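Student: Numbering (our numbering), first residue to last: 25 to 472. Ideal placement from N, C-alpha and C gives every residue a C-beta, glycine not left out. Quick caveat: nothing in here was measured; it's all calculated off a predicted structure.
1) According to DSSP, which residues form a beta bridge with residue 395?
2) Is DSSP giving residue 25 helix, strand or coil here?
3) Using three-state DSSP, classify residue 272 as helix, strand or coil.
4) What is the rounded straight-line gap between the Cα of residue 308 and the Cα of residue 279?
5) Give every residue of the same chain whose Cβ lies closer than 6 Å to the Cβ of residue 26, excluding the five residues on either side of it in the sequence, and list them in chain order.
6) Comparing C-alpha positions only, which one of 471, 432 and 366 sits nearest to residue 442?
7) Please identify the residue among 217, 344, 452 and 395 whose C-alpha is closest to the C-alpha of residue 89.
8) Starting from residue 411 and walking both ways along the alpha helix (DSSP H), at which residues does that stretch end?
9) So, using beta-carbon positions, are residue 396 and residue 424 closer together than 8 Å?
10) Would you report the Cα separation of residue 35 and residue 426, rounded to the nearest angstrom?
11) In terms of residues, what are the limits of the alpha helix (DSSP H) holding residue 46?
12) Using the Cα positions of residue 445 and residue 316, report the straight-line distance between them to the nearest angstrom.
13) Among the candidates 408, 31 and 297, whose CA atom is the shortest distance from the CA of residue 338?
14) Along the chain, where does the alpha helix (DSSP H) containing residue 492 start, and where does it finish?
15) Using only alpha-carbon positions, find the residue among 373, 452 and 460 that is nearest to residue 435.
16) Which same chain residues end up closer than 6 Å to residue 164 when comparing Cβ atoms and leaving out the 5 residues on each side of it in sequence?
17) Tell me whether residue 337 sits in a helix, a strand or coil according to DSSP, three-state version.
18) Is any heavy atom of the ligand ZN found at a distance shorter than 7 Å from the C-beta of residue 395?
19) Which same chain residues, not among the five before or five after residue 350, have their C-beta less than 6 Å away from its C-beta?
20) I'd like to know if the segment 257-277 and the segment 74-93 are in contact, where contact means that at least 3 CB-CB pairs between them fall below 8 Å.
21) Within the same chain, show all residues whose beta-carbon is closer than 6 Å to that of residue 120, passing over the 5 residues directly before and after it, in chain order.
22) If you draw a straight line from the C-alpha of residue 364 to the C-alpha of residue 389, how long is it?
23) Give the DSSP bridge partners of residue 310, in chain order.
24) Near residue 327, which residues of its chain fall below 7 Å by C-beta distance, leaving aside the five closest residues on each side in sequence?
25) Of the residues 381, 56, 71 and 54, which one's Cα is nearest the Cα of residue 62?
26) Let's test the definition: count the other Cβ atoms within 10 Å of the Cβ of residue 370 and tell me whether it reaches 16, buried, or not, exposed.
27) Thinking just about the alpha-carbon of each residue, which of 247, 292 and 243 is nearest to the one in residue 260?
28) At the level of alpha carbons, what is the spacing between residue 237 and residue 283?
29) Quick check: what's the CA-CA separation for residue 118 versus residue 448?
30) For residue 210, collect the residues of the same chain with a Cβ closer than 7 Å to its Cβ; drop the 5 residues on either side in sequence, then sort them by chain order.
31) Under the assumption that residue 173 contacts residue 158 (Cβ atoms under 8 Å), give the Cβ distance between them as a whole number of angstroms.
32) Buried or exposed: residue 150, going by 16 or more other Cβ atoms within 10 Å of its Cβ?
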């Protein structure tokens, strides 16, 4: 028994798993069984478990300065070092960094920044935000409203209408293309649809569009080539900012430093969490361009205090750990490693393209997914999420952690430190899980 109310869990359908320790890319349950952590926790443990350098930095920081807030202009060395390091890495000129604790609160921060910016520039009506179907941006009131996944809205009376969310279509070609439509035609249609939405809402009412380079929790949805340049052209035409949610894709996940660079995005603001600290401690960052920040700073004399911040904004422990993690990424060439091993992972995942259950294999770098379908030729989906959940449970039994997502997609997002032999282990165990799932759907007459 436990007194815990579990996050993102159906308590009537989920079995308890008690994790006792982790080492490198593996975790161990209380009984001592070892699992390859094929989801890097929740898309986050990029450097794996038990990194002694990170542990030492955390211990030292706790001894030297366990807490210092950042209100009223106060700061500390670890926060300044992290902000300067991150600003030097991102593809934003003269970047400013706002530190927080999670991807959800970082996206909340940007919601407020774009609203504050609208007031600062004399355009108080320019506060609407375009967000996409199947996008994921968090679970707070604001970030869940940006999120385009029904489970994050149902029974919570969300999206929150006052935020003015404009919902755009998903860039998922496999599920959203019209019959006979080429990828180039799909890209053009999505751009035209976006422009039509902007014109219908009124360009002067829209502040920004938020997008993940690759939609993670929405299914690991890889946009077709040319998607972001086409979207960018529309946004630029109407002076609408591009807000890049890098919480999953940032720091090597797509085989490049940032998802923006992997997908040819030119953002005005970026949001980071998860791999920012390799999940050793909670920390996040909302990063905006200098041009965007200067408008806010320039209006301070008239508008007064920027009334947003958290008790734990720039917490010394989070900042020290994140700074060390960024150093490790660069020193150990983790992004290059992720690109090399990621290419091998993607080639091995493609072996499932002919499996009787697999409708689509999607992936890039060190992230991937399989969509399980009842009929490959017709792309007929299974009803509910039972099949994907069964596959994930079968993988767990085989010693591999994967994650079932909506649409019976099964996701992989392993630590960036894995080697080719770990990829082979993933594929071997996922093969066992897929074959067990095929036996299950055959027994239950679920194939169409």
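Tutor: In brief:
1) On the chain shown, residue 395 is found 371 positions in, with the first residue counted as 1. Paired residue(s): 384 and 433.
2) On the chain shown, residue 25 is found 1 positions in, with the first residue counted as 1. Unreliable positioning characterises residue 25 in this predicted model, as indicated by a pLDDT of 49, which lies under 50. The coordinate reading is nonetheless provided below. The answer is coil: DSSP assigns residue 25 none of H, G, I, E or B.
3) Indexing the chain shown from 1 puts residue 272 at position 248. DSSP places residue 272 in coil when its eight states are reduced to three.
4) Stepping through the chain shown from its first residue, residue 308 is reached at position 284. Stepping through the chain shown from its first residue, residue 279 is reached at position 255. About 21 Å.
5) For the purposes of this step, residue 26 is taken as the residue at position 2 of the chain shown. Contacts found: none.
6) Within the chain shown, numbered from 1, the residue matching residue 442 stands at position 418. Residue 442 has its Cα closest to that of 366, out of 471, 432 and 366.
7) On the chain shown, residue 89 is found 65 positions in, with the first residue counted as 1. Taking only the C-alpha atoms, the option nearest residue 89 is 344.
8) Locating residue 411 in the chain shown gives position 387, counting from the first residue. Where residue 411 is concerned, the enclosing alpha helix (DSSP H) stretches over 410-422.
9) As a working note, residue 396 is residue 372 in the chain shown. As a working note, residue 424 is residue 400 in the chain shown. No, the pair does not count as a contact, with Cβ atoms beyond the cut-off.
10) In the chain shown, residue 35 corresponds to position 11, counting from 1. In the chain shown, residue 426 corresponds to position 402, counting from 1. Roughly 19 Å separates the two Cα atoms.
11) Looking up residue 46 in the chain shown gives position 22. No alpha helix (DSSP H) holds residue 46; the beta strand (DSSP E) holding it covers 43-47.
12) To locate residue 445, count along the chain shown from 1; it is residue 421. To locate residue 316, count along the chain shown from 1; it is residue 292. Computed Cα separation, rounded: 45 Å.
13) In the chain shown, the residue the question calls residue 338 occupies position 314. Here the closest residue by C-alpha is 297.
14) Outside the displayed span of the chain (25 to 472) sits residue 492, for which this structure offers no information.
15) The residue labelled residue 435 in the question sits at position 411 within the chain shown. It is 373.
16) Within the chain shown, residue 164 is the residue found at index 140, counting from 1. Closer than 6 Å at the Cβ level, and outside the excluded window around residue 164, lie 128 and 132.
17) The residue given as residue 337 occupies position 313 in the chain shown. Residue state, collapsed to three classes: coil.
18) This structure lacks the ligand ZN, and indeed carries no ligand of any kind.
19) Counting from one through the chain shown, the residue named residue 350 turns up at place 326. Cβ neighbours of residue 350 beyond the five flanking positions: 109.
20) no
21) For the purposes of this step, residue 120 is identified with residue 96 of the chain shown, where counting begins at 1. Here the set comprises 312 and 317.
22) Position 340 of the chain shown holds residue 364. Position 365 of the chain shown holds residue 389. Looking at the two C-alpha atoms, the distance is approximately 8 Å.
23) What you label residue 310 is simply residue 286 of the chain shown in a count that begins at 1. Its beta-bridge partners are 122 and 295.
24) Walking along the chain shown from the start, residue 327 turns up at place 303. Cβ neighbours of residue 327 beyond the five flanking positions: 143 and 144.
25) As a working note, residue 62 is residue 38 in the chain shown. If we check each option's Cα against that of residue 62, 71 comes out closest.
26) Translated into the one-based positions of the chain shown, residue 370 becomes position 346. Flag for residue 370 reads buried.
27) Taking the first residue of the chain shown as position 1, residue 260 is located at position 236. Checked all of 247, 292 and 243; the closest Cα to residue 260 is 292.
28) On the chain shown, position 213 is the one that residue 237 refers to. On the chain shown, position 259 is the one that residue 283 refers to. Residue 237 and residue 283: Cα-Cα distance of roughly 5 Å.
29) Translated into the one-based positions of the chain shown, residue 118 becomes position 94. Translated into the one-based positions of the chain shown, residue 448 becomes position 424. About 43 Å.
30) Numbered from 1 along the chain shown, position 186 holds the residue referred to as residue 210. Taken in chain order, the residues that qualify are 197, 201 and 248.
31) Here the question's residue 173 lines up with position 149 in the chain shown. Here the question's residue 158 lines up with position 134 in the chain shown. Between residue 158 and residue 173 the Cβ distance is about 7 Å, and since that is below 8 Å, they are a contact.
32) The residue you call residue 150 lines up with position 126 of the chain shown. Classification of residue 150: buried, given that the 10 Å Cβ count is 16 or more.
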